[in-house]
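First to last, the protein sequences are chains A and B.
Following the working numbering, the numbering of the first sequence begins with 1 at its first residue and continues without gaps.
Following the working numbering, the numbering of the second sequence begins with 287 at its first residue and continues without gaps.
The structure appears right after this line, and notes come after that.
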Amino acid sequence: MSMDWFKSSKKVAKVSDEERHVRTEGLWVKCEGCRQVIWRKDLADTLNCCPKCDFHFKVDARTRLKYLLDDENWIEHDAGLESTDPLGFVDSKSYKSRLAGMQKALGMKDAVISVTGKLLGRTVNVCALELKFIGGSMGSVMGEKITRAIERSIKDRAPLIIVSASGGARMQEGAVSLMQLGKISASLMLLDRAKVPFISVLTDPTTGGTTASFAMLGDLNIGEPGALIGFAGPRVIEQTIRQKLPEGFQRSEFVRDHGFLDAVVKRSEMREFIDKSLTFFLGPAA
Amino acid sequence: MSEAQNSQRIADLQKEMAELQMSSSGARARMQELESEMLKLKGEAGENISWERVKLARHPKRPHSLDYIQRIAPDFIEIHGDRNYGDDAAIVCGFGTVAGEHVMIIGLQKGRDTKQKLLRNFGMPKPEGYRKALRAMELASKFGRPIVTLLDTPGAYPGIDAEERGQAQAIALNLREMARIESPLIVIVIGEGGSGGALALGIGNRVYMLENAVYSVISPESCAAIIYRDSSKGDVAAAALKITASDLSKLGLVDGIIPEPPGGAQEDYDRAAEFLQTALLSAIRELKGMTPEQLITQRCDKFRKMGSFFTE
């Protein structure tokens with residue numbers, strides 16, 4: 001007896017898995033806040049916030065600048081700075097090739113964009129961190145770019161705004177990364193002395209060495225709703241205390257209620273909030 | 287070289303290094319030569335130097351801050367509390383005279399036995415610890431007294447209460463405000479320099495590491511857990527992270543290496559303290575003549591230069 005009859009004699013045309021499905025990918029997104037399905041185009045009109053529950057989606061650094069500044073006629077600074085891989089670090093792949101891959105995929109040399117632009121008519125220096133670039137981590141390049149932005153702000157007396165989205169110091173540059181916390185913070189002391197305003201905007205997520213340095217050193221520290229903000233990451237804390245963390249722990253509202261954020265401000269109101277603050281500090285834009 | 291010759295040469299090198307610490311900046315080049323020769327010698331034994339150093343830095347008998355403080359400042363008076371929330375025993379602050387110099391001493395303190403370890407929270411400070419340290423530094427700054435900080439911590443405490451009371455903000459503020467201190471500030475990593483938790487007391491005019499101390503952005507075990515998904519591969523990660531005193535010296539992140547007695551500081555507390563005191567005093571004497579503004583500028587410039595990047 002053969003089992004031939006099990007075998008199909010007809011040849012079925014091979015259809016790739018991709019084609020089996022109607023291609024809707026990219027058109028719809030599921031809201032992480034309310035689980036509703038949202039037409040992606042709608043999100044563009046709401047600054048990437050859920051039209052139903054106002055959940056704030058993560059946005060990249062360039063989009064962030066577009067939302068914050070009056071137009072796209074900003075001047076970008078220090079875009080060519082690039083890490084030297086000071087440790088010759090290799091993990092699952094070499095840090096050099098990791099960097100090269102990121103640079104190609106994202107069209108930027110490292111995890112921060114530094115620009116001078118206008119916010120409601122006022123000249124400001126803005127550094128926006130790019131979470132997609134190795135977790136928005138801070139190495140030499142970010143340390144130098146932010147320090148230069150601080151120095152620019154001291155020289156031009158233009159307010160500094162840093163929008164954070166970062167997991168902290170970049171492991172692949174070891175202690176060199178760690179020292180960037182000191183470098184930036186010491187420069188912020190000089191900015192503070194010069195009495196030039198610094199607004200820190202913390203977005204989802206801002207943790208580790210980033211929170212433990214410049215992100216917490218603003219004249220005003222402002223969080224976006226629902227952003228994870230903390231020193232240790234939630235998993236590290238859970239491992240240490242061997243307990244589940246309470247709901248809402250380390251979210252913007254929690255951090256504000258414990259006294260470490262001046263305000264939690266919706267993305268749609270951020271420009272105006274910053275402008276009002278700067279007007280209080282410096283008077284209306286010239 | 288035979289093993290006996292080898293260890294004799296190492297002992298000689300250490301002696302010369304200890305003496306060099308007493309002289310001023312001109313001796314630094316020679317210091318680095320000696321250090322690299324010593325590394326080579328020790329490398330001949332075929333050890334994973336980095337991991338050996340981690341083990342020594344965490345050695346259960348390694349002298350802690352208070353062991354040094356007792357020896358360099360027998361008249362030490364401890365001051366407590368951050369005037370805000372509480373007193374954190376993981377950081378010891380106080381003043382005393384070190385060979386006639388009035389010095390504010392701030393030490394991260396691990397415990398020795400179980401009871402002490404719990405009291406000191408294994409050397410992991412909470413925000414009130416960092417705030418107490420800043421208060422002590424500002425006090426010294428007000429009266430122009432030099433400050434020394436002794437770093438030895440696995441890291442800032444990662445717990446619910448620490449987060450609620452603003453661990454990140456406390457560390458951040460110290461980083462910024464240490465830059466503003468108007469008196470000489472000397473930082474010495476005596477054991478484990480655990481990331482931001484150590485750096486929060488680490489912004490100095492001079493930063494030294496003991497020979498077997500380590501200073502790292504992340505613990506080797508945590509790094510291994512991330513990259514190899516195996517926290518037992520800390521030895522491999524330790525080498526990759528470049529965390530030893532000579533690594534940091536080569537990267538230009540520390541100003542000097544303070545030698546330890548042969549075999550490590552745990553072998554001879556008195557000599558280890560002597561070496562530390564010698565380095566501390568020479569730094570204080572170098573910095574004493576500087577004005578507050580010069581000290582601030584020197585400190586800021588020093589950190590300003592740290593980093594490594596191409597400019598296209």
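Glycine residues also receive a C-beta, built at the ideal position from the N, C-alpha and C atoms.
Discussion item. Closer than 7 angstroms to a non-hydrogen atom of the ligand MG - does that hold for the CB of His388/B?
Written reply: Among the ligands in the structure shown, none appear at all, so the ligand MG cannot be discussed.
Fill in: Min CB distance Pro197/A to chain B below 8 angstroms
no
Practice prompt. Please confirm whether Asn498/B and Glu560/B have their CB atoms less than 8 angstroms apart.
Written response: no
Item to complete: Take Ser427/B as the anchor and find which of Phe381/B, Gly445/B, Arg451/B and Pro444/B has the nearest alpha-carbon.
Response: Phe381/B
Worksheet item: Buried or exposed: where does Glu364/B fall if 16 or more other Cβ atoms within 10 Å of its Cβ makes it buried?
Response: exposed
Worksheet item: Quick one: Cα of Ala448/B to Cα of Gly226/A, how far?
Response: 20 angstroms
Worksheet item: Val378/B touches chain A at which residues, Cβ-Cβ below 7 angstroms?
Response: Residues of chain A passing the Cβ test: none, with the nearest at roughly 22 angstroms.
Worksheet item: Can you find a C-beta in chain A that's less than 8 angstroms from the C-beta of Lys528/B?
Response: Yes, contact with chain A.
Practice prompt. Report the residue from Gly101/A, Ile150/A and Ser114/A whose alpha carbon sits nearest the alpha carbon of Asp192/A.
Written response: Ile150/A
Worksheet item: What's the gap between the Cα of Thr147/A and the Cα of Gly488/B?
Response: Pairing Thr147/A with Gly488/B, the inter-Cα distance amounts to about 19 angstroms.
Worksheet item: If contact means a Cβ-Cβ distance below 8 angstroms, which residues of the stretch 480 to 493 of chain B contact chain A?
Response: Ser481, Gly482, Leu485, Ala486, Gly488 and Ile489
Discussion item. Taking the straight line between their C-alpha atoms, what separation do you get for Glu330/B and Arg152/A?
Written reply: Residue confidence for Glu330/B is low, a pLDDT of 49 falling below 50, so the modelled location carries little weight; the figure read from the coordinates is stated next. Going by the C-alpha atoms only, they are around 50 angstroms apart.
Discussion item. Please report whether the beta-carbon of Lys183/A lies at a distance below 8 angstroms from any beta-carbon of chain B.
Written reply: yes
Worksheet item: How about Pro578/B: is its C-beta nearer than 8 angstroms to some C-beta of chain A?
Response: no
Practice prompt. Determine the DSSP secondary structure at Ser137/A, reduced to helix, strand or coil.
Written response: Ser137/A: coil per DSSP, three-state reduction.
Worksheet item: Using Cβ-Cβ distances below 8 angstroms, what residues of the stretch 339 to 367 of chain B are close to chain A?
Response: none
Worksheet item: Which residue from Ile582/B, Leu527/B, Leu566/B and Asp556/B puts its Cα closest to that of Ile544/B?
Response: Leu566/B
Worksheet item: What did DSSP end up calling Asp123/A once you bin it into helix, strand or coil?
Response: Per the sequence shown, the amino acid found at residue 123/A is Thr instead of Asp. Strand, per DSSP.
Worksheet item: Gly593/B versus chain A: which residues are under 7 angstroms apart at the beta carbon?
Response: For Gly593/B, the chain A residues whose C-beta falls within less than 7 angstroms of its own C-beta are Ser140, Gly143, Glu144, Val176, Gln180 and Lys183, listed in chain order.
Discussion item. Looking at chain B, is there any beta carbon in it that lies within less than 8 angstroms of the beta carbon of Ala232/A?
Written reply: yes
Discussion item. With a threshold of 7 angstroms on Cβ separation, who are the neighbours of Asn334/B within its own chain once the five nearest residues in sequence on each side are excluded?
Written reply: Taken in chain order, the residues that qualify are Asp521 and Ala525.
Worksheet item: Do we get a CB-CB distance below 8 angstroms when we pair Val90/A with the residues of chain B?
Response: yes
Worksheet entry | As assigned by DSSP and simplified to three states, the class of Met410/B | coil
Worksheet item: Out of Pro470/B, Ile472/B and Arg339/B, which has the shortest C-alpha to C-alpha gap to Ile529/B?
Response: Among Pro470/B, Ile472/B and Arg339/B, the Cα nearest to that of Ile529/B is on Arg339/B.
Discussion item. At the 8 angstroms Cβ level, is Ala227/A part of the contact set with chain B, yes or no?
Written reply: no
Discussion item. Just checking: is the beta-carbon of Glu330/B within a distance shorter than 8 angstroms of some beta-carbon in chain A?
Written reply: The predicted model places Glu330/B with a pLDDT of 49, which falls under 50 and marks its position as unreliable; any figure quoted below should be read in that light. Residue-level contact check: Glu330/B does not touch chain A, since none of the beta carbons of chain A fall below 8 angstroms from its beta carbon.
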